[in-house]
Amino acid sequence: MKATGVVRRIDDLGRIVIPKEIRKTLRIKEGTPLEIFTEKEGDIILRKYSPVNELSHFSEDYVNCINLATNYIAIVTDKDCVVAVSGIAKKDLLEQPISEDLEKIIEKRDAFNNINNDFTNKFIQITKKKNLEPCSEIIIPILSFSEIIGSIILLNTKSQFADKDMQIAKIAANFLGTQMEI
20 MKATGVVRRI DDLGRIVIPK EIRKTLRIKE GTPLEIFTEK EGDIILRKYS PVNELSHFSE
80 DYVNCINLAT NYIAIVTDKD CVVAVSGIAK KDLLEQPISE DLEKIIEKRD AFNNINNDFT
140 NKFIQITKKK NLEPCSEIII PILSFSEIIG SIILLNTKSQ FADKDMQIAK IAANFLGTQM
200 EI
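Numbering follows the working numbering, in which position 8 of the sequence shown is assigned residue number 27; successive positions increment by one, without gaps.
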């Protein structure tokens with residue numbers, strides 16, 4: 020654990036205030052769900068709750084199946100980081116924080132499809148560090164109970180996507196979203 024040097028008192032309702040600097044650094048906004056853990060030594064740990072992490076076994080299996088069937092790089096993110104990756108980019112992307120551009124695309128709730136020959140759209144960086152630039156890219160938000168919980172991303176490094184590929188991504192997003200509702 021990293022010490023912050025910040026000490027806060029608990030108020031009469033049992034609340035503490037997380038300092039603004041920490042909330043900003045960790046991208047914790049009003050309404051962000053936090054999990055509370057306790058350890059034997061008396062430590063209390065707060066962690067941002069990610070419903071997509073609950074689906075990590077489904078996510079890993081799903082992206083691997085997409086990769087085997089299509090040879091595309093398939094990625095599942097929650098609203099903060101990459102949760103599952105298949106294909107050549109796994110070691111570079113897994114557990115990396117997502118970029119602000121990707122976060123904005125997910126928040127729009129619309130499908131995003133970028134084709135290399137269309138110069139009106141730029142490629143969306145998946146994580147904060149520089150990634151490979153594919154020939155085409157599909158990003159679909161994952162919704163559960165009408166709430167955005169993450170995204171499914173397909174990257175094609177060899178050619179442009181066909182209409183069926185958009186359907187593959189939409190099916191994956193719907194499947195993962197409905198798994199949270201069960």
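Glycine is no exception: its CB is placed at the ideal position from the N, C-alpha and C atoms.
Any idea what DSSP makes of residue i, helix, strand or coil?
i	result
residue 156	strand
residue 49	coil
residue 216	Absent from the structure is residue 216, since the part of the chain shown begins at 20 and ends at 201.
residue 176	coil
residue 133	strand
residue 54	strand
residue 23	coil
residue 29	coil
For the putative contact between residue i and residue j, defined by C-beta atoms under 8 Å, what is the C-beta separation to the nearest angstrom?
i	j	result
residue 159	residue 130	5 Å
residue 21	residue 47	With a Cβ gap of about 16 Å, residue 21 and residue 47 do not count as contacting.
residue 41	residue 23	7 Å
residue 173	residue 143	With a Cβ gap of about 12 Å, residue 173 and residue 143 do not count as contacting.
residue 72	residue 95	Between residue 95 and residue 72 the Cβ distance is about 10 Å, and since that is not below 8 Å, they are no contact.
residue 167	residue 191	Wrong, their Cβ atoms sit about 15 Å apart, outside the cutoff.
Rounded to a whole number of angstroms, what is the C-alpha to C-alpha distance between residue i and residue j?
i	j	result
residue 62	residue 55	10 Å
residue 175	residue 50	36 Å
residue 105	residue 141	23 Å
residue 113	residue 75	12 Å
residue 38	residue 85	42 Å
residue 133	residue 125	14 Å
Going by C-alpha distance, which of the options is nearest residue i?
i	options	result
residue 93	79, 99 and 179	79
residue 107	83, 43, 72 and 199	83
residue 151	194, 86 and 177	177
residue 163	197, 186, 89 and 141	197
residue 206	199, 45 and 25	Shown here, the chain extends from 20 to 201; a query on residue 206 therefore has no answer.
residue 119	81, 191 and 100	100
Give the DSSP bridge partners of residue i, in chain order.
i	result
residue 43	For residue 43, which the question treats as bridged, DSSP gives no partner whatsoever.
residue 169	161
residue 66	54
residue 94	104 and 172
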